[in-house]
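A.B. asks: Residue numbers (this note's numbering): 32 to 122.
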Amino acid sequence: MDQPTQPPDRSQRRMPPPDGTGDEAAYLARLRENHTPVAVELLDGSVFRGVIEYYDRDMLKVNRLDGGGPNVFVRKKHVRMMWEEPPSTPI
32 MDQPTQPPDR
42 SQRRMPPPDG
52 TGDEAAYLAR
62 LRENHTPVAV
72 ELLDGSVFRG
82 VIEYYDRDML
92 KVNRLDGGGP
102 NVFVRKKHVR
112 MMWEEPPSTP
122 I
């Protein structure tokens, strides 16, 4: 008699890739700890500069320096791009 075929064992099935690698959190932590000046460009094209004070999964808090305006909370989904500012660039 033929043996009925068994479905594959659940432990042998492929698992989906993780949602994140943790690299973003490590990068933001380094920027925050070193008080690295950053520029943040939003989807509407506006750019503001400062240092990261706080971050979580959905938000960033950027403190503007030298009277550059109020501190800003921004949702990450509204950020087009963020980059480190050269040290000689005034913020």
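Here a beta-carbon is modelled for each residue, glycine too, at the ideal position from N, C-alpha and C.
(1) Grouping DSSP H, G and I as helix and E and B as strand, with all else coil, what is V96?
(2) Buried or exposed for M113, going by 16 or more other Cβ atoms inside 10 Å?
(3) Looking at the structure shown, is R106 part of a helix, part of a strand, or coil, going by DSSP?
(4) Taking 7 Å as the threshold (C-beta atoms), are R111 and E64 in contact?
(5) Using the DSSP secondary-structure output, state which residues sit across from R88 in a beta bridge.
C.D. replies: Answer, in terms of the structure:
(1) Residue numbering aside, residue 96 sits at position 65 when the sequence shown is read from its first letter. Val is not the amino acid found at residue 96; the sequence shown has Leu there. Three-state DSSP puts L96 in coil, outside helix and strand.
(2) For the purposes of this step, residue 113 is taken as the residue at position 82 of the sequence shown. By the 10 Å Cβ count, M113 comes out buried.
(3) As a position in the sequence shown, residue 106 is number 75, starting the count at 1. Reduced to three states, the DSSP call for R106 is strand.
(4) Walking along the sequence shown from the start, residue 64 turns up at place 33. Walking along the sequence shown from the start, residue 111 turns up at place 80. Result no, Cβ atoms of E64 and R111 do not sit closer than 7 Å.
(5) For the purposes of this step, residue 88 is taken as the residue at position 57 of the sequence shown. Bridge partners of R88: none, in fact.
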